[in-house]
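Going line by line, the protein sequences match chains A and B. Numbered according to this note's numbering, the first sequence terminates at residue 242, and the numbering increases by one at each position without gaps. Numbered according to this note's numbering, the second sequence terminates at residue 412, and the numbering increases by one at each position without gaps. I have placed the structure first, in the form of structure tokens, so that the comments after it can refer back to it.
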Amino acid sequence: MNLSRPDRPQRLDALAAEYALGTLPPRARLRLSRAAASDGAIAAAIRDWEMRLAVLTEGIAPVTPPPRVWAGIVSRLGLAASGAAGADVPWWSRLTFWRRFALTSFALAMAFGVTLFMPGPKAPDQPIVTVLAGPDAKPVLIATALRGDRTMTIKVVGAATVPAGKALELWMLPDGSAPKSLGVIPDSGVGRVTLPAAPDVALANVPALAVSLEPAGGSPTGAPTGPVLYSGKVERFY
Amino acid sequence: MFCGGRAACNVAESGKSPERNVRLAALLARVALGDQAAFAELDALTSSHLYGVAVRILKDGALAEKVLQEAFVSVWHHAGSYDAAKSQPSTWLAAVIRNRCLDLIRRRELDTVTMTTDDDEGREFDLPSGDPTPVEMLLAGADARAVRDCVDALDAGPKQAIALAFYQGLSHAELADHLRQPLGTVKSWVRRALERLKGCLDRVGYTRT
């Protein structure tokens, strides 16, 4: 399988087609899937063919698997005992989320070299700042509210990629209760949302903010429906 | 399945409606964050379809269970590698289960010095009677009219070869045996059928929908 020849695209396409169909002989199949792991063009050729053929799996009659399959998955992964028990626990209260969040906050504090808790006199222009970052800890949004103003300003400082038909929605994550929406925010430039009360009150019990990906116009349910993309700890400069 | 033996009536259930795919994409994204509730819902929404695919290809309920379990364990660990910009979640999941089934079948071939028809008898699995033939499934699966037309336009032999390979995981040699054709003929049937399918699907703009 020499894929460096000039006719590579045609040969690659033919190999990817037989891989997706399943007729590629065992050794060639193994070699191609290994090559795909480090070569984006090979992976893309395979993906294109998987997409072309995927619709054909819909002609296959569904068969309900025995409950022991799910039980086995849960026990192999060491998850909560049943799907129903897990279903009660939304993402914003999962340990994994907070563990990641804590790491991100720490990384940000290190990266910014900021002493985050500075005692001082209280004044209306003292800011409450949240730097929101994705799992890679790179800052994407900075949300700022001044103590005397209910407007929270959101500045996009990183690359926020939002698919067409989707929107970013900003949430307060109150301690011990469900997220509260602050509204849809832009994916570039500067946006503004209005807090439900003065920042000291509205954010009193809110240790963190998060941004989830929602349908255009925002979550239809009032609760986050999409993945959380960015999160950050609410920091007071006083 | 109480569907009178036709696969077509299941299409809606396993379907690829945009709403379903939006939901699945959101669930996969949450699974990538370690969200167990999303994982449980993903299982509830997709396991019957995926198990059906595994049973169909492997013809062995116990093996299909094992593969389904491995597939979901892998999804839990690798949901983050799903890229919503590149494929539909239902496509991605179907590829995950099919590839695991095919890897298993092909690995078994590597372990077997000679592949004889006797090997098939060890993995018989009772499928519901009145089950659609592979070609019927091929057409039932091609619910989008354009795809159906493209599949239907293939010649009978190549169409049969594609259907058997896709739904039963048959290799070139097994196809030749099954269809009583020389190996070279079957290989070129498969190659040409895939080329024609691609040309036809690309012409009607089917890719990436």
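Quick reminder that beta carbons are idealized off the backbone N, C-alpha and C, glycines included. Source: prediction; values computed, not measured.
{"Item": "Could you list the residues in the segment 23-54 of chain A with a C-beta less than 9 Å from some C-beta on chain B, going in chain order?", "Value": "Y23, A24, L25, G26, T27, L28, P29, P30, R31, R33, L34, S37, A48, I50, R51, D52, W53, E54"}
{"Item": "As an exercise, report each continuous beta strand (DSSP E) stretch of at least 3 residues that is fully enclosed by the segment 164-238 of chain A, in chain order.", "Value": "170-177, 184-189, 194-198, 212-219"}
{"Item": "On a CA-only basis, which of W392/B, G264/B, L307/B, K289/B is nearest A359/B? Give me that one, please.", "Value": "W392/B"}
{"Item": "Output, in sequence order along the chain, the residues in the segment 150-177 of chain A whose CB is closer than 7 Å to any CB in chain B.", "Value": "P167"}
{"Item": "DSSP three-state label for R151/A, please.", "Value": "coil"}
{"Item": "Would you list the one or two residues that DSSP bridges to P132/A?", "Value": "According to the sequence provided, residue 132/A is Ile. The question's Pro does not apply to it. Bridge partners of I132/A: A149/A, R240/A."}
{"Item": "Check whether the Cβ of H252/B lies closer than 7 Å to any Cβ atom in chain A.", "Value": "yes"}
{"Item": "Can you check whether the CB of L253/B is closer than 7 Å to the CB of L230/B?", "Value": "no"}
{"Item": "Quick one: what does DSSP say E22/A is sitting in, helix, strand or coil?", "Value": "helix"}
{"Item": "Between P139/A and the ligand FMN, is there a pair consisting of the residue's CB and a ligand heavy atom that are separated by less than 6 Å?", "Value": "Looking at this structure, you won't find the ligand FMN or any other ligand, since it has none at all."}
{"Item": "How many whole angstroms separate the CB atoms of L172/A and L217/A, which I take to be in contact at a CB cut-off of 8 Å?", "Value": "7 Å"}
{"Item": "Starting from the C-beta of W279/B, find all residues in its chain whose C-beta is less than 8 Å away, skip the five residues before and the five after it, and write them out in chain order.", "Value": "V234, F242"}
{"Item": "Using DSSP with H/G/I as helix, E/B as strand and the rest coil, what is A274/B?", "Value": "helix"}
{"Item": "Answer with buried or exposed for G63/A, where buried requires no fewer than 16 other C-beta atoms within 10 angstroms of its C-beta.", "Value": "buried"}
{"Item": "Which one or two residues does DSSP pair with T157/A in a beta bridge?", "Value": "T148/A, R196/A"}
{"Item": "Could you have a look at A137/A and say whether DSSP puts it in helix, strand or coil?", "Value": "strand"}
{"Item": "Could you tell me how far apart the beta carbons of I189/A and I158/A are, in whole angstroms, since I believe they sit closer than 8 Å?", "Value": "5 Å"}
{"Item": "Less than 8 Å between the CB atoms is what I'm expecting for L57/A and L36/A, so what's the real figure, rounded?", "Value": "Contact doesn't hold; Cβ gap of about 16 Å is too wide."}
{"Item": "When the Cα of A1/A is compared with those of A32/A, Y23/A, A168/A, which residue comes out closest?", "Value": "With chain A represented from 5 up to 242, any question about residue 1/A goes unanswered, as that position is not in the structure."}
{"Item": "Cβ of H375/B less than 7 Å from any chain A Cβ?", "Value": "yes"}
{"Item": "Helix, strand or coil: which one does DSSP assign to P70/A?", "Value": "coil"}
{"Item": "Whole angstroms are fine: how far does the CA of K262/B sit from the CA of V93/A?", "Value": "Note that V93/A scores 49 on pLDDT, short of 50, meaning its location in the model is unreliable; the coordinates nonetheless yield the value given after this. Answer to the nearest angstrom: the Cα atoms are 37 Å apart."}
{"Item": "Kindly say whether A141/A, judged by its beta-carbon, lies nearer than 7 Å to any beta-carbon of chain B.", "Value": "no"}
{"Item": "With contact counted as at least three CB pairs below 8 Å, one residue from each stretch, are the segment 132-145 of chain A and the segment 175-184 of chain A in contact?", "Value": "no"}
{"Item": "Closer than 7 Å, CB to CB, is E273/B near chain A or not?", "Value": "no"}
{"Item": "Which first and last residues belong to the alpha helix (DSSP H) in which D52/A is found?", "Value": "44-58"}
{"Item": "How would you label H281/B, buried or exposed, when you count the other beta carbons within 10 angstroms and need 16 or more for buried?", "Value": "exposed"}
{"Item": "Starting from the C-beta of A202/A, find all residues in its chain whose C-beta is less than 7 Å away, skip the five residues before and the five after it, and write them out in chain order.", "Value": "R154"}
{"Item": "Closest Cβ-Cβ distance between A282/B and chain A: below 7 Å?", "Value": "no"}
{"Item": "Find the residues of chain B that neighbour P231/A, judging by a C-beta separation of less than 8 Å, and give them in chain order.", "Value": "A229, A232, R233, A235, L236"}
{"Item": "Is any beta-carbon of chain A found at less than 7 Å from that of E312/B?", "Value": "yes"}
{"Item": "Please classify L313/B as buried or exposed, where buried requires at least 16 other C-beta atoms within 10 Å of its C-beta.", "Value": "exposed"}
{"Item": "So L25/A and F369/B are in contact, right, with Cβ under 8 Å, and what is the actual spacing, rounded?", "Value": "6 Å"}
{"Item": "Note down, in chain order, each residue of its chain lying with its Cβ closer than 6 Å to the Cβ of G187/A, except the 5 sequence neighbours on either side.", "Value": "V197"}
{"Item": "Counting only runs that start and end within the segment 343-388 of chain B, where is the alpha helix (DSSP H) found for 4 or more residues in a row?", "Value": "348-355, 359-371, 375-382"}
{"Item": "State the CB to CB distance for the pair S192/A and A164/A, rounded to an integer number of angstroms; the pair is presumed to be in contact (CB under 8 Å).", "Value": "7 Å"}
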